[in-house]
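Student: So the sequence shown is numbered by the numbering used here: it starts at 13 and just counts up by one. For reference, the structure I am asking about is given below.
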Amino acid sequence: MTMKTTPLLQTGFDPPLMRLPEVIAFTRRSRTSIYNAINQGLRHDPDFPQPIATGKRSKVWLRSEVEGWINERANNRKKRAP
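Given below as structure tokens:
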């Protein structure tokens, strides 16, 4: 008996972890901008979600934290609007 699988995109399921290309697409920020935000320095953003190391050179972000960061920025924008 063979099992038929459905691609994740068709199920509407969003995996809870995002790799850098997904974070770039989701936030519309460049790779450099994201790394500036997470690293200490002049362009550090203390509110930007920190990645989770899954290996020596591999990092992932929690989708819920990235979505929360975007929502927080949207809410702050609404508060500043006249």
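Where is the CB? At the ideal position from N, CA and C, for every residue including glycine.
Looking at the structure shown, is K68 part of a helix, part of a strand, or coil, going by DSSP?
Tutor: Residue state, collapsed to three classes: coil.
Student: Assign P54 to one of three DSSP states: helix, strand, or coil.
Tutor: Looking at the sequence provided, one finds Leu at residue 54 rather than Pro. Note: L54 maps to coil in three-state DSSP.
Student: Rounded to whole angstroms, what is the Cα-Cα separation between G80 and N87?
Tutor: Approximately 10 Å between the Cα atoms of the pair.
Student: Buried or exposed, going by whether 16 or more other CB atoms sit within 10 Å of the CB of I46?
Tutor: buried
Student: Here's the rule I'm using: 16 or more other beta-carbon atoms within 10 Å means buried, otherwise exposed. How should T66 be labelled?
Tutor: exposed
Student: Is the separation between the beta-carbon of E84 and that of P61 shorter than 7 Å?
Tutor: no
Student: What does the Cβ neighbour count give for M30, buried or exposed, with the cut at 16 atoms within 10 Å?
Tutor: By the neighbour-count rule (16 or more Cβ atoms within 10 Å), M30 is buried.
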